[in-house]
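Residue numbers (this note's numbering), protein chains in the order written: chain A, 99 to 207; chain B, 3 to 115.
Glycine is no exception: its CB is placed at the ideal position from the N, C-alpha and C atoms.
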């Protein structure tokens, strides 16, 4: 069974700061997902990674398969980035995701 | 952009009653999932469904739970006899073939009293 750990659990930063959220997992995976959950509860998929690095706008996600570690970076953070960011991993095929507890991010103006 | 839709958004039921949570996945998707999130806790996998059958289920998905895809568009989760501890937000998700991204619905908040 995969254990997914995220750090930090909570993060408060000022607008414009560079944000890093970390995720580590215990067992080899086929893909790692970064998800965003807003206060209303809805979940949006940000990235799905199996190797290397992906970028979308101000968001960058990296994964190191050997170290079983991934990071999500937000550049030039904005109050609208405030949300819970969740790391989740899958073993492939129809496998369900195993989720981390999430990082609660607040960006203050 | 196509989206996964879930109904109802909020369901209140009494302990022991049966509930059916409904989902309409994105039309050309092949893999379907139910997840739940108890308030304040992390999201947990319940069940995956592919090729008209259950592919994988978690320990949570016991005999009280069942899933159906009755007509090629809807995907339902039934809880036969609800317990207080079934109170949670239930998310439906779907994805296409290969490494396509997962799309989540907005969730159904189930409250068992």
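Asked	Found
Nonlocal neighbours in the same chain, by C-beta distance under 6 Å from residue 124(A), ignoring five residues either side	100, 101
Residue nearest to residue 113(A) in terms of C-alpha spacing, selected from 181(A), 186(A), 183(A), 177(A)	177(A)
Paired residues, beta bridge with residue 2(B) - DSSP	This structure cannot speak to residue 2(B), because chain B is shown only from 3 to 115.
Short CB-CB distance (under 8 Å) between residue 108(B) and chain A	yes
Beta-carbon proximity check, residue 166(A) vs residue 107(A), cutoff 8 Å	no
Neighbouring residues, chain B, relative to residue 209(A) (Cβ below 8 Å)	Lying outside 99 to 207, the shown extent of chain A, residue 209(A) is not represented and no answer is given.
6 Å CB neighbourhood of residue 50(B) in its chain, flanking five on each side removed	35, 57, 58
Beta-carbon gap between residue 78(B) and residue 114(B) smaller than 8 Å	no
Beta carbon proximity, residue 92(B) to chain A, threshold 8 Å	no
Straight-line Cα distance separating residue 207(A) from residue 191(A)	42 Å
Residue-chain proximity (residue 45(B), chain A), Cβ-Cβ < 8 Å	yes
N-terminal and C-terminal residue of the beta strand (DSSP E) that residue 69(B) is part of	67-70
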